[in-house]
Amino acid sequence: MRKILVLIVFVYLNNSLISQQRWMKTYLPHLDPTCQDLKISYDGGFLLSGRHKPNYPRYNYLLKTDINGEVLWEKTLGDGYNVILPGGLGMNNDGDIYFSGSYGEVGAYDDPMILKLNACGEKEWCYLFPTEGHHDFGFDLAVSPDGGVAFIIAYSGIDYSQDRACLAKFTKEGEFLWKKCYNLPDSISMSNEIMNDVICTADSGFLMTGFCYYSNPEDSLTAYLSPYYIKTDPEGEMEWYVISGANPYNIDGEGFQTVLSPDSNFYYSGIQHKYWNDNYYGKQSAAILKMDLEGNIINTFDLSSPMDIGFLPRLNFFNDSSIISAGFWGNGNSADNSLVLIDTIGNIIEQKILIETDRLGETNVTSDGKILYFIEDVDDNDHFEVFLFKLNQELDGDTIYTQTFTYDSLCPYPVKSDTIAIEGCGLILGNNEIYPETKPKDILEVFPNPTSKSFVVKSPYLESGGILQLINMQGQSSIQENVPSGTTNYQVDVSGLTKGIYLVRFKSDKGKVVSAKLVVER
Numbered sequence: 063m064r065k066i067l068v069l070i071v072f073v074y075l076n077n078s079l080i081s082q083q084r085w086m087k088t089y090l091p092h093l094d095p096t097c098q099d100l101k102i103s104y105d106g107g108f109l110l111s112g113r114h115k116p117n118y119p120r121y122n123y124l125l126k127t128d129i130n131g132e133v134l135w136e137k138t139l140g141d142g143y144n145v146i147l148p149g150g151l152g153m154n155n156d157g158d159i160y161f162s163g164s165y166g167e168v169g170a171y172d173d174p175m176i177l178k179l180n181a182c183g184e185k186e187w188c189y190l191f192p193t194e195g196h197h198d199f200g201f202d203l204a205v206s207p208d209g210g211v212a213f214i215i216a217y218s219g220i221d222y223s224q225d226r227a228c229l230a231k232f233t234k235e236g237e238f239l240w241k242k243c244y245n246l247p248d249s250i251s252m253s254n255e256i257m258n259d260v261i262c263t264a265d266s267g268f269l270m271t272g273f274c275y276y277s278n279p280e281d282s283l284t285a286y287l288s289p290y291y292i293k294t295d296p297e298g299e300m301e302w303y304v305i306s307g308a309n310p311y312n313i314d315g316e317g318f319q320t321v322l323s324p325d326s327n328f329y330y331s332g333i334q335h336k337y338w339n340d341n342y343y344g345k346q347s348a349a350i351l352k353m354d355l356e357g358n359i360i361n362t363f364d365l366s367s368p369m370d371i372g373f374l375p376r377l378n379f380f381n382d383s384s385i386i387s388a389g390f391w392g393n394g395n396s397a398d399n400s401l402v403l404i405d406t407i408g409n410i411i412e413q414k415i416l417i418e419t420d421r422l423g424e425t426n427v428t429s430d431g432k433i434l435y436f437i438e439d440v441d442d443n444d445h446f447e448v449f450l451f452k453l454n455q456e457l458d459g460d461t462i463y464t465q466t467f468t469y470d471s472l473c474p475y476p477v478k479s480d481t482i483a484i485e486g487c488g489l490i491l492g493n494n495e496i497y498p499e500t501k502p503k504d505i506l507e508v509f510p511n512p513t514s515k516s517f518v519v520k521s522p523y524l525e526s527g528g529i530l531q532l533i534n535m536q537g538q539s540s541i542q543e544n545v546p547s548g549t550t551n552y553q554v555d556v557s558g559l560t561k562g563i564y565l566v567r568f569k570s571d572k573g574k575v576v577s578a579k580l581v582v583e584r
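Our numbering puts the sequence shown at residues 63 to 584.
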């Protein structure tokens, strides 16, 4: 009888332990992966993105898993040669996947990039936004109700102090609609703005969240870090902006991400709340900033007292009255990276440290009302690992589903795991100039690239003859030559051109247009 009792207790404890730990997944264990984004697919599966080795950061991954976290397929983005910096990930109702970030060819500057895959994970189109003379970057994206996409572009001006916060919009077919940059008047004492996050709002407009340095001229000439918000209409025109560090709010810190409440009446933003008063000088709290739809700040709710470290970079509404978030706060080396369930005034309902790390995690809410937590860790040997947790409302491990689900139903055939090179992308120069994108099969090769004297153009479309142009960053034609029919390779002299980025554009006599980017060095 005693043996039976001991066995029952052992089985109970063992089952309890499994219940707490049974839903934790790790991926790409031999490739040192990092985590970047986490989205819920239309079929209830999960999309995970990040970077991995070898040749870090020249490879990015996109994983699709089922509802139990088992991998269905894997896409590798990159050629192992050129640099890709991930920015955002999204999916529309057609199952199309958008990926934003930055792309840099070897020897050239990084450029903002937007890429679209269809529901089968195949590349349909991509675009780059080159800026001459310096790096510029692509950050987060938002999928619009029409299935298109808008994404953040940073540092796109010739002068680094201008065009730091921009937004570009595309249709799902790849038609470029607009690019708008948001430069405040010189009378506003702000600078060094960066936008981290963008969402689509209830009126089909966009709200960007980030930070800037701002000074209240009536109080001090010292500039302090402040959360910064820009609201636009569906056409990208600015409707309002908010600098929370300005009088009368005086809320300093940094803005990370904003979500719309389920009733579409308020915005809730995860921020670092910075203090400069005598009691807490230089301290900070992980906090929520609440705004109405016109950008009026209603209140700020700290999750903890001011400490050495405190910020709330990720949040999602779990239900009408609670928010799931990944936060980080503490003093010295005792800062905790916690998954927290909070109410809408910052009271902590549940809190758990699932993995001890100083890295930041991503959160989301599944189609069956559970919590996902995607986070990376790095050891003393710079070896990275990623972990995916699925949890219930008490932040305990979820159960494994045994029933059968259908995935990728919008693709008529099985989705392949393969590698997607960032090639054949269309180029957009300036705010309005646009040139047709080059499909993967419609390659126009230019080499050597960069070059200082001449380069060779190679494309199957040269054989029919046509017009070859080199177009500068201002959209002006610098070189135009007639290519005779029967040509397979064509050499172009660029010794007379100034240093910069050019679009090489060929239009065949049959009407086909292909293009590529060329860097001329001096």
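Glycine residues also receive a C-beta, built at the ideal position from the N, C-alpha and C atoms.
Residue i (DSSP reduced to helix, strand or coil)
i      : result
GLU255 : strand
LYS234 : coil
SER557 : coil
LEU75  : Legend: pLDDT at LEU75 = 37, less than 50; position of this residue unreliable, value from coordinates given subsequently. Helix, per DSSP.
GLN83  : Interpretation of GLN83 is limited by its pLDDT of 48, a score under 50 that renders its predicted location unreliable; the figure taken from the coordinates is listed afterwards. If DSSP states are grouped into helix, strand and coil, GLN83 belongs with the helices.
GLU507 : strand
LEU177 : strand
PRO522 : helix
SER326 : coil
GLY459 : strand
SER471 : coil
PRO498 : In this prediction, PRO498 has a pLDDT of 46, which is less than 50 and means its spatial position is unreliable; what the coordinates show is noted afterwards. Looking at PRO498 - three-state DSSP - the assignment turns out to be coil, as it is neither helix nor strand.
ASP420 : coil
SER387 : strand
GLY394 : helix
LEU565 : strand
VAL582 : strand
GLY415 : According to the sequence shown, residue 415 is Ile rather than Gly. ILE415: coil per DSSP, three-state reduction.
SER400 : strand
CYS97  : coil
SER266 : coil
ASP405 : strand
VAL320 : Before going further, note that residue 320 is Thr rather than Val in the sequence given. Three-state DSSP puts THR320 in a strand.
Residue i - containing beta strand (DSSP E), residue span
i      : result
MET369 : Premise fails: MET369 is in no beta strand (DSSP E) and is neither H nor E.
SER223 : SER223 -> no beta strand (DSSP E), and no H or E assigned at all.
CYS188 : 185-190
PRO289 : 286-294
VAL133 : 133-139
VAL448 : 446-453
ILE129 : From DSSP, ILE129 is part of no beta strand (DSSP E); its letter is neither H nor E.
ILE305 : 300-305
ILE437 : 433-440
ASP340 : Here ASP340 belongs to no beta strand (DSSP E), and DSSP marks it neither H nor E.
Bridge-paired residues (DSSP) for residue i
i      : result
THR362 : LEU351
HIS335 : GLY315 and SER347
HIS114 : TYR121
GLN531 : GLN542 and ARG567
LEU229 : ILE214 and LYS242
TYR160 : GLY152 and LYS178
SER577 : ARG567
VAL477 : According to DSSP, VAL477 bridges with nothing at all.
GLY200 : ILE215
Selected residue, minimal CA-CA separation from residue i, among the options
i      : options                           : result
ARG567 : GLY558, VAL554 and GLY332         : VAL554
ASP265 : ASN254, ILE256, GLU297 and LEU457 : GLU297
ASP94  : GLY107, PHE380, TYR121 and TRP338 : TYR121
SER539 : TYR564, GLY528 and SER557         : TYR564
GLU529 : THR362, ASP439, TRP302 and VAL545 : Contrary to the premise, residue 529 reads as Ile rather than Glu in this sequence. Of the candidates THR362, ASP439, TRP302 and VAL545, the one whose C-alpha sits nearest the C-alpha of ILE529 is VAL545.
CYS473 : ILE256, ALA181, LEU125 and ILE386 : ALA181
SER251 : GLU299, LEU229 and SER306         : SER306
ASP295 : PRO279, VAL321 and THR263         : THR263
ILE490 : ASP225, LEU239, ARG376 and ASP99  : LEU239
TYR286 : TYR337, LYS293, LEU203 and GLY131 : TYR337
Closer than 7 Å: residue i CB and nearest the ligand GDP heavy atom
i      : result
ASN399 : This structure simply doesn't include the ligand GDP, nor any ligand for that matter.
Residue i at chain B interface by Cβ criterion, 8 Å
i      : result
SER479 : Given the protein chain composition of this structure (a single chain), no chain B is represented.
Segment contact, 8 Å Cβ cut-off, at least three pairs: the segment 138-149 with the segment 112-129: yes
Segment contact flag, the segment 169-183 with the segment 450-465, C-beta cutoff 8 Å, min 3 pairs: Verdict: no, contact absent.
Meets three-Cβ-pair contact criterion under 8 Å: the segment 507-525 and the segment 576-584: yes
Stretch-stretch touch, CB-based, cutoff 8 Å, three pairs: the segment 539-559 with the segment 512-530: By the Cβ rule, the segment 539-559 counts as touching the segment 512-530, because three or more pairs are nearer than 8 Å.
The segment 131-140 / the segment 470-482 touching (three or more Cβ pairs under 8 Å): Enough Cβ pairs lie closer than 8 Å, so yes.
At least 3 beta-carbon pairs within less than 8 Å: the segment 203-212 vs the segment 184-194: no
Contact between the segment 304-322 and the segment 256-272 (3+ Cβ pairs under 8 Å): yes
Inter-stretch contact at 8 Å, needing at least 3 Cβ pairs: the segment 152-168 / the segment 444-452: no
Any 3 or more C-beta pairs closer than 8 Å across the segment 343-352 and the segment 369-381: With a cut-off of 8 Å, the segment 369-381 and the segment 343-352 count as touching, because enough Cβ pairs lie within range.
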